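The opening position of the sequence shown corresponds to residue 1 in the UniProt record's numbering, with each subsequent residue numbered one higher.
A short worksheet on the structure shown next.
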Amino acid sequence: MSPEQVQRHLRRANEVARHALSLGRHPFGAVLVAPDGETVLAEQGNVDTVNHAEAVLARSAAQNFSADYLWGCTLVTTVEPCAMCAGTQYWAHIGRLVFGMTEQRLLALTGSHQENPTLDLPCRTVFASGQKAVEVIGPVEAVAEEIAALHRGFWT
Numbered sequence: 001m002s003p004e005q006v007q008r009h010l011r012r013a014n015e016v017a018r019h020a021l022s023l024g025r026h027p028f029g030a031v032l033v034a035p036d037g038e039t040v041l042a043e044q045g046n047v048d049t050v051n052h053a054e055a056v057l058a059r060s061a062a063q064n065f066s067a068d069y070l071w072g073c074t075l076v077t078t079v080e081p082c083a084m085c086a087g088t089q090y091w092a093h094i095g096r097l098v099f100g101m102t103e104q105r106l107l108a109l110t111g112s113h114q115e116n117p118t119l120d121l122p123c124r125t126v127f128a129s130g131q132k133a134v135e136v137i138g139p140v141e142a143v144a145e146e147i148a149a150l151h152r153g154f155w156t
C-alpha cells in the first residue's frame, strides 16, 4: 500500500472508532482492506473489553474469505493490536497489519484505567513468535495525533 492509501485507510478506521465512541464504546476502529489496497471489505468498531475491533474483524474475515485470499489483505487499525488481537489476526491468516498509534502511547493516554489494562507486548513480538511473516506498518505518525485525540478525555 502507498503512504497515501495507508493514511486514508487509517483515517477511515478512526471514523469507525469515532462511531464506536458515539455508541458509548471504547474508541477503537479497524478496517479490512482487499489485496488491491483500495477496497474496504469490512469495518468494525470496538464492542467491549474482550471483543476488540481487530479480533472481531479478523474472526469475521476468517469465516467469510479463504486463507489464501486473506494473506493478501491488510488489517488497518487505529491502535497497535494487543496480544489477543495480533494472535487472532495471525490465526485468521491476514498477511499485513497497519496501525496508527502504539500501545505504549495508548497507555500514556489511559494510565492504569480499569477498562484498559494494556499489555506491554508489541504486536511485532507476537508475530515474530509464529511461523508466518506478517508484515507490520506502524506507527504512522502522520495520523497518530488524530487517533490520540479520540482517546484524550475518554479515559479520564
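Glycine is no exception: its CB is placed at the ideal position from the N, C-alpha and C atoms.
Given the structure is predicted, the values throughout are model-derived calculations rather than measurements.
When the options are compared against residue i, the one with the closest alpha-carbon
i, options, result
"VAL76", "HIS19, ARG152, LEU21 and GLU135", "GLU135"
"GLN89", "GLY72, THR102 and ASP36", "GLY72"
"LEU97", "THR74, ILE147 and GLN7", "THR74"
"VAL40", "ALA13, LEU21, GLY24 and PRO27", "ALA13"
"ILE147", "ALA58, GLY29, VAL47 and ARG59", "GLY29"
"LEU107", "LYS132, PRO81, VAL33 and VAL126", "PRO81"
"ALA144", "HIS26, GLY130 and ARG105", "ARG105"
Residue i versus residue j - alpha carbon distance
i, j, result
"THR49", "ASN116", "7 Å"
"HIS113", "TRP155", "7 Å"
"GLY87", "SER2", "25 Å"
"LEU150", "ALA142", "15 Å"
"ILE94", "ALA61", "9 Å"
"residue 161", "ASP120", "In the structure as shown, the chain starts at 1 and stops at 156, and residue 161 therefore has no counterpart that could be examined."
"residue 157", "GLY100", "The question about residue 157 has no answer here: the residues shown for the chain are numbered 1 through 156."
"SER22", "GLY45", "11 Å"
"GLN5", "ALA34", "12 Å"
"SER66", "LEU109", "37 Å"
Opposing strand residues paired with residue i [DSSP bridges]
i, result
"VAL136", "LEU97"
Point to revise | Minimum length 4: unbroken alpha helix (DSSP H) runs contained in the UniProt domain "CMP/dCMP-type deaminase" (4-115) | key: The DSSP assignment places complete alpha helix (DSSP H) segments of no fewer than 4 residues inside the UniProt domain "CMP/dCMP-type deaminase" (4-115) at 53-64, 67-71, 83-92 and 103-110, in order along the chain.
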